[in-house]
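Enquirer: Handing you a structure now.
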Amino acid sequence: MYAQEVKSTGKGVKSLDEMEPIERAFQEKVNAGIKIEPKDWMPEGYRKTLIRQISQHAHSEIVGQLPEGAWITRAPTLERKAILIAKVQDEAGHGLYLYCAAETLGVSRDQMTEQLLSGKAKYSSIFNYPTLTWADIGAIGWLVDGAAIMNQVPLQRCSFGPYSRAMIRVCKEESFHQRQGYDIMMKLCNGTQAQQEMAQDALNRWWQPSLMMFGPSDAQSVHSAQSMAWKIKQDTNDELRQKFVDQTVPQAKYLGLCVPDPDLKWNEEKGGYDFGEIDWEEFFEVVAGNGPCNADRMAARRKAWSDGAWFRDGLMAHAHKKQTRNVAAE
Amino acid sequence: MSNEWPLWEVFIRGQHGMAHRHVGSLHAPDAELAVNHARDVYTRRNEGVSIWVVKADDITASAPGEKGPLFEPANSKVYRHPTFFDIPDDVGRM
Ligand SMILES: [Fe+2]
Ligand SMILES: [Fe+2]
């Protein structure tokens, strides 16, 4: 999802009997639903997996501001502009809550920034697609934030306290994001034919990438089992994807839009929709850095970091100076 | 990337006269800017009426390993709870 490519340790899941007493006590705490806090003992793999997962999640929130931010200056009304600014600002906040949660595990903010800017750390594939029209802002709120909510709601119950608490804050704010997106879509779908076509075109382009947000299919994601045992993941990628499709298809129907999937049909027996195979080749290409906007996104982040350096350093120098002056005056 | 802003822990007092509560942390060069950032990061929806920020380095925390010696002694002192005492109903409200 926002952390699609998190590799936990390659070893299989140990049973309680195979564990040393300290690890066993840890696992029993997790099983009992007791939160793990930063200073508690934890397996190295748990720490590493969480750092990767939380920092990927944080990077996604931060890079995720770019596609929507591109429309702030072009929003169709002043009200839409104010709403979009608030939405994008929330995403910055989400990134900050998550970076702080990761820092409690012993990684520094600068290390994480460095990993993002060097391309070593990943972020969600979804933010490597361009926002071509205003309808894309509607589609992102509706579909991308919708998919994010589906993933983040179970993460509120994650075994790691700081991550769980960050997710609770994030989830409180996400609902506005999805609703403002759907509101944009409703407006367009009740508008002129050109506006309806614009909405349909946005759905056509964002549908598949949104489904990819849940990550590779369960058959391909070998690392789920350990993450599930550690309760840093609660549902499998395919379970969440199915839930998302089942929730979203009726919403598209309400808008009078057509979901761009010829294989989509209701399956009475399973009580959900069947849908077409996802283009995994495209997914892995985008994750590998070859999506339509990967280079732009990274360039924008690097520029923001280096352009802001004099400002960050200046404030730090000022703080030091003030502190020395205060000490001298005492 | 050596000049990282220090980490501050943020405490917010909510609307209804409750104590300040820890809500998270953030980086800022000094206390004044930490308050400004806390306003933006943690109170975008009227979550509070007052903000405290404390440098994370200045907080002393109890160690997880001390949990037993610190907190277990209270377990045996059940008489600290009012329900320990049986007062006859005839006495009235107490
Ligand atoms: Fe977010
Ligand atoms: Fe969002």
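Residue numbers (my numbering), protein chains in the order written: chain A, 1 to 330; chain B, 1001 to 1094. Positions of the beta carbon are idealized from the N, C-alpha and C atoms, including for glycine.
(1) Within 10 angstroms of its Cβ, does Ile1059(B) collect 16 or more other Cβ (buried), or is it exposed?
(2) Note down, in chain order, all residues in the region 76-104 of chain A with a beta-carbon under 9 angstroms from any beta-carbon belonging to chain B.
(3) Under 6 angstroms Cβ to Cβ from Arg169(A), same chain only, skipping five residues before and after it: list those, please.
(4) Can you pull the chain A neighbours of Asn1003(B), defined as C-beta to C-beta under 8 angstroms?
(5) In the DSSP assignment, what residue or residues form a beta bridge with Leu1026(B)?
(6) Taking just the CA atoms, how far does Tyr1079(B) sit from Ile1087(B)?
(7) Got a sec? Which residues, its chain only, sit under 6 angstroms from Ala1034(B) by beta carbon, not counting five neighbours each side?
(8) Quick one: is Trp71(A) buried, meaning 16 or more other Cβ sit within 10 Å of its Cβ, or exposed?
(9) Quick check on Gln115(A) - is its C-beta less than 8 angstroms from some C-beta in chain B?
(10) Beta carbon of Leu211(A), beta carbon of Ile137(A): below 8 angstroms?
(11) So, at 6 angstroms on beta carbons, what are the nonlocal neighbours of His1022(B) in its own chain, with the 5 sequence-adjacent residues on each side left out?
(12) Identify whether Asn151(A) lies in helix, strand or coil by the three-state DSSP scheme.
(13) At the 8 angstroms Cβ level, is Val1041(B) part of the contact set with chain A, yes or no?
(14) Grouping DSSP H, G and I as helix and E and B as strand, with all else coil, what is Asp274(A)?
(15) Can you confirm whether Ala319(A), when its beta carbon is compared against all beta carbons of chain B, has any partner nearer than 8 angstroms?
(16) Does the region 117-132 of chain A touch the region 291-305 of chain A, meaning 3 or more C-beta pairs lie closer than 8 angstroms?
(17) Closer than 7 angstroms: is that where the CB of Glu61(A) sits relative to any heavy atom of ligand 1?
(18) Cβ of Ala148(A) versus every heavy atom of ligand 1: is any distance shorter than 7 angstroms?
(19) Run the proximity test for His1081(B): is its beta-carbon closer than 7 angstroms to any non-hydrogen atom belonging to ligand 2?
(20) Return yes when the C-beta of His1020(B) is under 7 angstroms from any heavy atom of ligand 1, and no when it is not.
(21) For Asn267(A), report the span of its beta strand (DSSP E) as first-last.
(22) Could you spell out the range, first to last residue, of the beta strand (DSSP E) harbouring Val286(A)?
(23) By the 10 Å Cβ neighbour count, where 16 or more other Cβ atoms means buried, how is Ala252(A) classified, buried or exposed?
(24) What are the residues of the region 218-246 of chain A that lie near chain B, defined by any Cβ-Cβ distance shorter than 9 angstroms?
(25) Ligand 2 and His177(A): does any heavy atom of the ligand fall closer than 7 angstroms to the residue's C-beta?
(26) Could you name the residues of the region 28-40 of chain A whose beta carbon sits closer than 8 angstroms to any beta carbon of chain B, in the order they occur along the chain?
(27) Around the Cβ of Glu91(A), are there at least 16 other Cβ atoms within 10 angstroms (buried) or fewer (exposed)?
(28) Alpha carbon to alpha carbon, how far is Gly12(A) from Arg241(A)? Give it in angstroms, no decimals.
(29) Here's the rule I'm using: 16 or more other beta-carbon atoms within 10 Å means buried, otherwise exposed. How should Gly191(A) be labelled?
(30) Can you name, in chain order, every residue of its own chain whose Cβ lies under 6 angstroms from the Cβ of Glu61(A), other than the five neighbours on each side?
(31) Can you pull out the residues from the region 173-189 of chain A whose beta carbon lies closer than 7 angstroms to at least one beta carbon of chain B?
(32) Could you name the residues that DSSP lists as bridge partners for Ser1050(B)?
(33) Decide if Ile36(A) is buried, meaning its Cβ has at least 16 other Cβ atoms within 10 Å, or exposed.
(34) Give the single residue among Lys231(A), Ala304(A), Leu315(A) whose Cα lies nearest to the Cα of Ile34(A).
(35) So what's Arg157(A) in DSSP terms, helix, strand or just coil?
(36) Using the C-alpha atoms, what's the distance from Arg302(A) back to Leu315(A)?
Expert: With the structure as the only source:
(1) Taking the second sequence and counting its residues from 1, one reaches residue 1059(B) at position 59. Ile1059(B) should be labelled exposed.
(2) Ala86, Gln89, Asp90, Ala92, Gly93, Leu96, Tyr97, Tyr99, Cys100, Ala101, Glu103, Thr104
(3) On the first sequence, position 169 is the one that residue 169(A) refers to. Only Tyr97 meet the Cβ criterion.
(4) The residue labelled residue 1003(B) in the question sits at position 3 within the second sequence. Here the neighbours are Arg312, Asp313, Met316.
(5) Counted from its first residue, the second sequence places residue 1026(B) at position 26. According to DSSP, Leu1026(B) bridges with Trp1008(B).
(6) Residue mapping note: residue 1087(B) aligns to position 87 of the second sequence, counting from 1. Residue mapping note: residue 1079(B) aligns to position 79 of the second sequence, counting from 1. The alpha-carbon atoms of Ile1087(B) and Tyr1079(B) are separated by roughly 14 angstroms.
(7) Taking the first residue of the second sequence as 1, we reach residue 1034(B) at position 34. Correct list, in chain order: Trp1008, Ala1028, Val1053.
(8) The residue given as residue 71(A) occupies position 71 in the first sequence. The residue is buried, with at least 16 neighbouring Cβ atoms inside 10 Å.
(9) As a first step, residue 115(A) is located in the first sequence; it is residue number 115 there, counting from the start. Cβ-Cβ to chain B under 8 angstroms: no for Gln115(A).
(10) By one-based count along the first sequence, residue 211(A) stands at place 211. By one-based count along the first sequence, residue 137(A) stands at place 137. Cβ distance not < 8 angstroms, so Leu211(A) and Ile137(A) don't count as in contact.
(11) Residue numbering aside, residue 1022(B) sits at position 22 when the second sequence is read from its first letter. Only Phe1011 meet the Cβ criterion.
(12) As a working note, residue 151(A) is residue 151 in the first sequence. Asn151(A) falls in the helix class under three-state DSSP.
(13) In the second sequence, the residue the question calls residue 1041(B) occupies position 41. By this cut-off, Val1041(B) is an interface position.
(14) For the purposes of this step, residue 274(A) is taken as the residue at position 274 of the first sequence. Note: Asp274(A) maps to strand in three-state DSSP.
(15) Indexing the first sequence from 1 puts residue 319(A) at position 319. Yes, because at least one Cβ of chain B sits closer than 8 angstroms to the Cβ of Ala319(A).
(16) yes
(17) Counting from one through the first sequence, the residue named residue 61(A) turns up at place 61. True, at least one ligand heavy atom lies under 7 angstroms from that Cβ.
(18) Against the first sequence, residue 148(A) aligns to sequence position 148. In this structure, the C-beta of Ala148(A) approaches ligand 1 to less than 7 angstroms from one of its heavy atoms.
(19) Along the second sequence, read from residue 1 onward, the residue named residue 1081(B) stands at position 81. Every heavy atom of ligand 2 is 7 angstroms or more from the Cβ of His1081(B), so no.
(20) The residue labelled residue 1020(B) in the question sits at position 20 within the second sequence. No, ligand 1 has no heavy atom inside 7 angstroms of this Cβ.
(21) Counted from its first residue, the first sequence places residue 267(A) at position 267. 265-267 is the extent of the beta strand (DSSP E) around Asn267(A).
(22) On the first sequence, residue 286(A) is found 286 positions in, with the first residue counted as 1. Per DSSP, Val286(A) is not a residue of any beta strand (DSSP E), being assigned neither H nor E.
(23) Against the first sequence, residue 252(A) aligns to sequence position 252. By the neighbour-count rule (16 or more Cβ atoms within 10 Å), Ala252(A) is buried.
(24) none
(25) For this step, residue 177(A) is matched to residue 177 along the first sequence. True, at least one ligand heavy atom lies under 7 angstroms from that Cβ.
(26) Glu37, Lys39, Asp40
(27) As a position in the first sequence, residue 91(A) is number 91, starting the count at 1. Flag for Glu91(A) reads buried.
(28) Residue 241(A) sits at position 241 when you count from the first residue of the first sequence. Residue 12(A) sits at position 12 when you count from the first residue of the first sequence. In a straight line, the C-alpha of Arg241(A) is about 25 angstroms away from that of Gly12(A).
(29) On the first sequence, residue 191(A) is found 191 positions in, with the first residue counted as 1. By the neighbour-count rule (16 or more Cβ atoms within 10 Å), Gly191(A) is not buried but exposed.
(30) For this step, residue 61(A) is matched to residue 61 along the first sequence. Exclusion of the five residues before and after Glu61(A) leaves Glu91, His94, Gly95 as the residues of its chain whose Cβ lies within less than 6 angstroms of its Cβ.
(31) none
(32) Against the second sequence, residue 1050(B) aligns to sequence position 50. The partner list for Ser1050(B) (beta bridge, DSSP) reads Arg1013(B).
(33) Taking the first residue of the first sequence as position 1, residue 36(A) is located at position 36. When all chains shown are included, Ile36(A) counts as buried.
(34) For the purposes of this step, residue 34(A) is taken as the residue at position 34 of the first sequence. For Ile34(A), the nearest C-alpha among the options comes from Lys231(A).
(35) In the first sequence, the residue the question calls residue 157(A) occupies position 157. If DSSP states are grouped into helix, strand and coil, Arg157(A) belongs with coil.
(36) Taking the first residue of the first sequence as 1, we reach residue 315(A) at position 315. Taking the first residue of the first sequence as 1, we reach residue 302(A) at position 302. Whole-angstrom Cα-Cα distance: 20 angstroms.
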